[in-house]
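The UniProt record's numbering applies: residue 1 is where the sequence shown begins, and numbers increase by one.
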Amino acid sequence: MPTEINGLPAHVLLVHFVVVMIPITALLLVASAFWPNARHRIGVVLPIAALLSLISVPVTANAGDWLRQRMGGGSPQVAQHAHFADQLLPWTVGLFLVSVAVWAVHRFVPAARTGSSKTALTVGLGVLAVVVAVGSVYATYRVGDSGAKAAWDGVIAAE
């Protein structure tokens with residue numbers, strides 16, 4: 001897995017992909033779960049975006065572990081950031097699994113294709129979609145916020 005990109009720590013660059021892709025995927029998931037027109041337009045992009053989000057988390061975490069080792073282990077803030085980062089992977093796994101389920105059910109289950117009939121399956125998937133979307137975006141926020149604090153706390157002088 002990449003640890004440096006063009007001489008820069010890869011974590012610093014890869015984190016931007018995670019911070020953008022997870023909220024976009026969450027939004028696509030909720031839209032696909034509840035709006036047939038959006039679901040039709042989004043199509044297979046949903047599980048692909050979810051897979052890219054899922055892959056990006058361990059790649060970015062690996063680059064972050066490499067960077068932390070190069071920095072001598074880091075501060076308590078870096079440890080907090082790493083702890084929050086460890087909690088992000090299960091949410092992105094859930095985001096991926098529910099995204100695949102929403103796409104597959106609405107693609108292959110005839111009663112779910114039109115969106116006109118609400119079955120226990122489609123309602124349950126809608127609830128799961130909201131839960132994993134909110135959870136994954138919140139987990140992403142916590143990781144990003146703690147990482148920004150670890151990197152920038154005390155760097156900018158107060159006026």
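Each residue gets a CB set at the ideal place from its N, CA and C atoms; glycine is no exception.
Computed from a predicted model, the values in this text were never measured in an experiment.
Secondary structure in the UniProt domain "DUF2231" (7-156): the alpha helix (DSSP H) runs of 4 residues or longer, each lying completely within the stretch, are 10-34, 36-42, 45-70, 76-108, 110-113, 120-152 in chain order.
Contact between H16 and L67 does not hold, since the beta-carbon distance rounds to 15 Å and is not under 8 Å.
Cα atoms of G43 and V134: separation of roughly 21 Å, rounded to the nearest angstrom. In its chain, beyond the 5 residues on either side, V57 have a beta carbon closer than 6 Å to the beta carbon of L89.
With a 10 Å radius around the Cβ and a threshold of 16 neighbouring Cβ atoms, H40 comes out exposed. Fewer than three Cβ pairs drawn from the segment 90-109 and the segment 73-80 lie within less than 8 Å of each other, which leaves the two stretches out of contact.
When the Cα atoms are used, L54 and L13 turn out to be separated by approximately 17 Å.
G144 sits buried, since 16 or more C-beta atoms from the chains shown fall within 10 Å of its C-beta.
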